[in-house]
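K.L.:
Okay, handing you the structure first.
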DNA sequence: GCAGTGAGAAGTAACGTTTCTGCATGAGTG
DNA sequence: CACTCATGCAGAAACGTTACTTCTCACTGC
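Residue numbers (my numbering), protein chains in the order written: chain A, 1 to 391; chain B, 392 to 782.
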């Protein structure tokens, strides 16, 4: 026991708080150590040491600490006290090897460049990761952050009970490999292609689109434009399809511009293009996080007032949109709820709850209405609606 | 191989993409399985199966795959091919148990409430975590997110090679326990008390404070106020001390208000208090992330123009401060660099590089000067400096 | 012809748990 | 009184690696 303290920069005395049942217990560990030829570094007390010190078998120690077996409370308490006194910590590796459970969940984010996180979806990811961590912890699991397209080494070096994948790409090799190994995978976002995930959680993007378009119409919009992406992920696809669908239903000619969503500059250019069109929309919804500022800047360049001349909504989790001039209405995907749901489904799959049935869970979104999409503002004089410039 | 697919909600045919070298290889695993009495779930190929299939011993397999031992390239290649064909993945748990290395690093964030992340430092934490993850991955380690004051269970359930602690509190029980187990701990932020971390990384807060105060003076400030915290963490302590020191040196009466930094509302109140004082400062530095908006709002309430009547700087990583009206100068702690440095030090300690000497590393900060702290603005007419209202 | 050498590979003991099985003992039954 | 049966515990076999030691040749130099 003292030896352990010698090598540590620890200033308090080697004798801990007074404990009952004190015996020269570490001698057992000492003998044990002496019997082993390999001199390892800092010797931690193992289950054997506890068993020897408590005068029972290792079976009894294991059972006592794990609440299993048929043991009277006296034995259980005694073993626990001894374990405590020796500072015994079970080896996670040994337990994992034996039980096949590591208590570890992978959190995988798709990477666009070298860095493991995408910046475009950062606020979303941050909140999602936060809630996922919370949810996992609450059920006794910890999250390991892993990049989707990493060196394979890292992936195979960590024992995962399951993995959460955010926006998996088509035929993601990592996901396929994990599933092939029998490791449950749950994705945030509908998997494209036929990626064999066990479950997924996604927002109801079609419903969200309809609600936004209706909201803009209610606010007086006559021609609603869309800023969308060229990529083929489900979010973009579903949203754009819902927009086109809505246009057809209400009889509006679609007015949209698409750009590669992962290119931060392209958004501003596309926003400009959209407002430069002869059939300029009097309301725009931007599918991606930076579109709010992009559109606001473009509107300024064209001398358009928001919301008087142009109504604006964008999909984002950024708190900053509450304090822009004017504040911009946003659609929140509620990443916190998603993160929680994904983790719950994954752990259910890991623990065999729900019979391993694949599950799809569609989550609602939140439309946060701010000044940018309201013609009638509470604290302002009512401005008469302006006729749209092109129709 | 087919059996594995049966239990999966996988819609594509059981035969994957065409693979070279296909043989009924799983029979090896099958026999292996048959020889064992316990019928476990999905059988993964183990090193034994590879050895049997390749017609060599498990030692040879291990050596071939790990690049060790004395093996001719032919054997090595052969073993690798067989391993590949069987889809062999070494068991991380077994490796960890045997080698004592898990390749896992804990990332611990102090929690104020129930949630594992602090919101106040969120932009800082996000960037720090991102870069720490990158740095760890680059050296073959993965990060596990763990809350500082969590159920002890989670901590002892994961085999950690080391831990990064962000802003450890006084005598943190988790840190003390980890160190007692001989697990290297490196902290972001100087440890308070005599917490026995192996190394720490921190910004040069005194230097930062001096630079900011000098900058504000250069911009015309006559009386510089400080918005600071009541807590006793080193950041607050060092910064406040440096401020007082500077005041004494230049002969200015200190003008500061402190508030509990973890209370989001208190900041706005304290900002108000600061500007309501009879000896109102004509420049303010806010130590915490939200202080920029707090102070801007307070200035508006008092009819003070920024930067004409009040110069403003605050310590934050928020990108949003670049687009406020006016844009606010910020001090960036460069969390990316910190995250990288912390991880490097930790992995050095884990791998025994640097002889286990405790290391302290002080990192520079970045002052990002924006309109809020410049009386002379590039694109504006020069406004004559106003006399400070109180002195 | 024979010890010496070194390559190539096999044998086997750990690593620290959990869990299955088994062995006593004593109390309750017909 | 033989019997079941529950209780309290111990023994030992995994779990899947890695690493240390040993073995077998074939080839060298003397």
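Don't be surprised by glycine CBs; every beta carbon is placed ideally from N, CA and C.
Quick check on residue 418 of chain A - is its C-beta less than 8 Å from some C-beta in chain B?
P.N.:
Past the edges of chain A, shown from 1 to 391, lies residue 418 of chain A, and the structure says nothing about it.
K.L.:
How about residue 558 of chain B: is its C-beta nearer than 8 Å to some C-beta of chain A?
P.N.:
no
K.L.:
So residue 244 of chain A and residue 205 of chain A are in contact, right, with Cβ under 8 Å, and what is the actual spacing, rounded?
P.N.:
Residue 244 of chain A to residue 205 of chain A, Cβ: 13 Å. No contact.
K.L.:
Checking the sheet assignment: what are the DSSP bridge partners for residue 704 of chain B?
P.N.:
BP columns for residue 704 of chain B point to B:676 and B:720.
K.L.:
Can you confirm whether the stretch 216-230 of chain A touches the stretch 195-202 of chain A when touching is taken to mean that 3 or more C-beta pairs between the two stretches lie within less than 8 Å?
P.N.:
no
K.L.:
Between the alpha carbons of residue 524 of chain B and residue 145 of chain A, how many angstroms are there, rounded?
P.N.:
7 Å
K.L.:
Examine chain B for any beta-carbon lying closer than 8 Å to the beta-carbon of residue 52 of chain A, and answer yes or no.
P.N.:
At least 8 Å separates the CB of residue 52 of chain A from every CB of chain B.
K.L.:
By Cβ distance below 6 Å, which residues in the same chain neighbour residue 532 of chain B in space, the five residues on each side in sequence not counted?
P.N.:
494 and 496
K.L.:
Is residue 373 of chain B helix, strand or coil when you go by DSSP?
P.N.:
Missing from the structure shown is residue 373 of chain B; chain B here goes from 392 to 782 and no further.
K.L.:
Just by C-beta distance, which residues in the stretch 316-341 of chain A are closer than 9 Å to chain B?
P.N.:
318, 319, 320, 323, 324 and 325
K.L.:
Alpha carbon to alpha carbon, how far is residue 80 of chain A from residue 22 of chain A? Give it in angstroms, no decimals.
P.N.:
At residue 22 of chain A, the pLDDT of 25 sits below 50, so the modelled position is not reliable; the number obtained from the coordinates is stated separately. Computed Cα separation, rounded: 13 Å.
K.L.:
Taking C-alpha atoms, which residue in A:302, A:155 and A:136 lies nearest to residue 342 of chain A?
P.N.:
A:136
K.L.:
At what residues does the beta strand (DSSP E) containing residue 226 of chain A begin and finish?
P.N.:
224-229
K.L.:
State the start and end residues of the unbroken beta strand (DSSP E) segment that holds residue 259 of chain A.
P.N.:
255-259
K.L.:
Applying a beta-carbon distance threshold of less than 7 Å, which residues of chain A neighbour residue 487 of chain B?
P.N.:
In chain order: 93.
K.L.:
I'd like to know if residue 495 of chain B contacts chain A, where contact means its C-beta is closer than 8 Å to some C-beta of that chain.
P.N.:
By this cut-off, residue 495 of chain B is an interface position.
K.L.:
Run down chain B in chain order and give the residues with a C-beta less than 7 Å from the C-beta of residue 87 of chain A.
P.N.:
Chain B residues near residue 87 of chain A: 571.
K.L.:
Does the beta carbon of residue 142 of chain A sit closer than 8 Å to a beta carbon anywhere in chain B?
P.N.:
It does: the Cβ of residue 142 of chain A has a partner Cβ on chain B nearer than 8 Å.
K.L.:
Under 8 Å between C-beta atoms, does residue 684 of chain B make it to chain A?
P.N.:
yes
K.L.:
Just the chain B side, please: which residues come within less than 9 Å of residue 161 of chain A by C-beta, in chain order?
P.N.:
Going along chain B, no residue has its Cβ under 9 Å from residue 161 of chain A, so there is no contact; the nearest lies around 11 Å.
K.L.:
Rounded to whole angstroms, what's the CA-CA distance from residue 147 of chain A to residue 740 of chain B? Just pull it up for me.
P.N.:
The alpha-carbon atoms of residue 147 of chain A and residue 740 of chain B are separated by roughly 24 Å.
K.L.:
From residue 765 of chain B to residue 676 of chain B, what distance separates their C-alpha atoms?
P.N.:
Approximately 14 Å between the Cα atoms of the pair.
K.L.:
Look at residue 405 of chain A and residue 75 of chain A and say whether their C-beta atoms are less than 8 Å apart.
P.N.:
Not covered by the structure: residue 405 of chain A. The range shown for chain A is 1 to 391.
K.L.:
Pick out whichever of A:195, A:160, A:73 and A:211 has its Cα sitting closest to the Cα of residue 358 of chain A.
P.N.:
A:195
K.L.:
Please confirm whether residue 290 of chain A and residue 264 of chain A have their CB atoms less than 8 Å apart.
P.N.:
Going by C-beta atoms, residue 290 of chain A is nearer than 8 Å to residue 264 of chain A.
K.L.:
Looking only at its own chain, which residues have a Cβ that is under 7 Å from the Cβ of residue 658 of chain B, when we skip the five neighbours before and after it?
P.N.:
650, 679, 681, 682 and 685
K.L.:
What residue range is occupied by the uninterrupted beta strand (DSSP E) comprising residue 147 of chain A?
P.N.:
142-147
K.L.:
Quick one: does residue 234 of chain A have its CB under 8 Å from some CB of chain B?
P.N.:
No, residue 234 of chain A does not count as interfacial toward chain B.
K.L.:
On the criterion of 16 or more Cβ atoms from any shown chain inside 10 Å, does residue 360 of chain A qualify as buried, or is it exposed?
P.N.:
exposed
K.L.:
In chain order, what residues of the same chain have a beta carbon less than 6 Å from the beta carbon of residue 182 of chain A, not counting five sequence neighbours either side?
P.N.:
none
K.L.:
Counting only Cβ-Cβ distances shorter than 7 Å, please list the residues of the stretch 514-527 of chain B near chain A, keeping chain order.
P.N.:
Going along the stretch 514-527 of chain B in chain order, one finds 517, 521, 524 and 525 with a Cβ nearer than 7 Å to chain A.
K.L.:
In the DSSP assignment, find the beta strand (DSSP E) that holds residue 738 of chain B and state where it starts and stops.
P.N.:
Unbroken run through residue 738 of chain B is the alpha helix (DSSP H), 726-741; no beta strand (DSSP E).
K.L.:
For residue 29 of chain A, does the count of other Cβ atoms within 10 angstroms reach 16, so buried, or fall short, so exposed?
P.N.:
Any reading at residue 29 of chain A must be qualified, since the residue scores a pLDDT of 28, below 50, and its modelled position is unreliable; the value itself is stated next. Residue 29 of chain A comes out buried.
K.L.:
Could you list which residues in chain A have their beta carbon closer than 7 Å to that of residue 654 of chain B, in chain order?
P.N.:
What residue 654 of chain B touches in chain A: nothing, since even the nearest Cβ is about 18 Å away.
K.L.:
What are the partner residues of residue 104 of chain A, as DSSP defines its beta bridges?
P.N.:
A:142
K.L.:
Find the residues of chain B that neighbour residue 154 of chain A, judging by a C-beta separation of less than 7 Å, and give them in chain order.
P.N.:
528, 531 and 533
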